[in-house]
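A quick write-up on the structure given underneath.
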Amino acid sequence: MVLMMTADSTATARHELGAFLRNRRERLSPAQVSLPPGGRRRTPGLRREEVAVLAGVGVTWYTWLEQGRDIRPSPAVLDAIAGALRLDLEEREHLWVLATGHAAPGAPLSSMCEVVTADHLALLATLMPLPACIQTATYDILASNAAYRFLIDDLDAVPVADRNCMVRAFLDPVWQRSYGDYDAVTTRMVARLHAAMAEHLDDPAWTGLVERMRTESPRFDALWQSGEIARDTPHEQVFRHTRAGSVHVRFVPLWIDRARSVQIKVLQPVDASSAEAFARMAAELHDSPVVTARPKVAARLESALVA
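Each residue of the sequence shown is one higher than the last, beginning at 1 in full-length UniProt numbering.
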């Protein structure tokens, strides 16, 4: 997300940024950031010089930032200020938009895992026998129900770092054979990634994925160099299942957190035979957990995982 900023809106954003920083500074006590009380305080919260020290910036410079002066903090400085003020993910996002006019770079995967709640996992369970997963914009799978986990092979048997649809589609022969039209599927995947990449050119999560795929997959590299782009919209796809045969599905995205591009992907059967196939497949999974998740998600929400 990029905001088109006029001179007036930029001045307003600077004013709002200063007010936001003051508000968050005044909410913190010295004890919360491991600082001594430092004598009597005329106003609640931290002093500007204390925030400046914690963030590693000059006191005068930070004062100007709170005053709404026309200065442009770097990404590293914004992150340092966010850390000094103990901002959560939503507050960090707000800080970035006010200071730069656009959203913050993608949160690390560990932070994205924090987006997943017990309600989301319960929804995955409720969607059975339809395959469904929680996925990031860079195709990392954070959690899935049993129907999705075993749609192609056992996803949980894959190393955590490789539980990624892009990685599996280009580097796993089993996944490649499961696609009814492998060329069309992978062409669309790369085109969607290429289009979305425009907002994440400096994001290590995105650049790291692209670099890895271009290095390890000649087909991905060729598709990437073609420069094709496409929007991420609901689409249909055919899977070849080893026991159930061909299943025809429509991918339906349900947003969990649009700012961080985390969504639930539901595979909705297009015809009766595909719906019957999902029902048969689910009946074979009665001994498997209904929902499983990455360790970071499971550690926080262990009680929500339905067995």
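Cβ atoms here follow ideal geometry from the backbone N, Cα and C, with glycine treated the same way.
The count of Cβ pairs closer than 8 Å, one atom from the region 75-95 and one from the region 244-256, stays below three, leaving the stretches out of contact. Bounds of the beta strand (DSSP E) holding residue 142 are 141-145.
Distances from the CA of residue 240 to each of 163, 179, 75 were compared; the closest alpha carbon is that of 179. Where residue 278 is concerned, there is no enclosing beta strand (DSSP E), although the alpha helix (DSSP H) around it starts and stops at 272-283. Rounded to the nearest angstrom, the Cβ distance from residue 249 to residue 274 is 6 Å, consistent with a contact under 8 Å.
It is roughly 18 Å from the alpha-carbon of residue 124 to the alpha-carbon of residue 277.
Per DSSP, the beta bridge partners of residue 136 are 262. In this chain, the alpha helix (DSSP H) harbouring residue 186 covers 182-197. For residue 279, the CB contacts under 8 Å within the same chain, skipping 5 residues up- and downstream, are 129 in chain order. Only buried fits residue 186, as 16 or more other CB atoms lie within 10 angstroms of its CB. Residue 233 carries a coil assignment under DSSP once its states are collapsed to helix, strand and coil.
Listed as beta-bridge partners of residue 295 by DSSP are no residues whatsoever. Under the DSSP definition of a beta bridge, residue 179 partners with 239. In terms of Cβ geometry, residue 99 and residue 17 form a close pair [threshold 7 Å].
When DSSP states are grouped into helix, strand and coil, residue 226 belongs to the helix group. Between the region 182-198 and the region 141-160 there are fewer than three inter-stretch CB-CB distances shorter than 8 Å, so the stretches are not counted as touching. Under the three-state reduction of DSSP, residue 248 is assigned to strand.
Nearest C-alpha to residue 138 among 158, 63, 166: 166.
Annotation: the continuous alpha helix (DSSP H) that includes residue 167 extends over 165-171. With contacts defined as CB atoms closer than 7 Å, residue 174 and residue 203 fail to qualify as a contacting pair. Between the alpha carbons of residue 168 and residue 155 lies a gap of roughly 10 Å.
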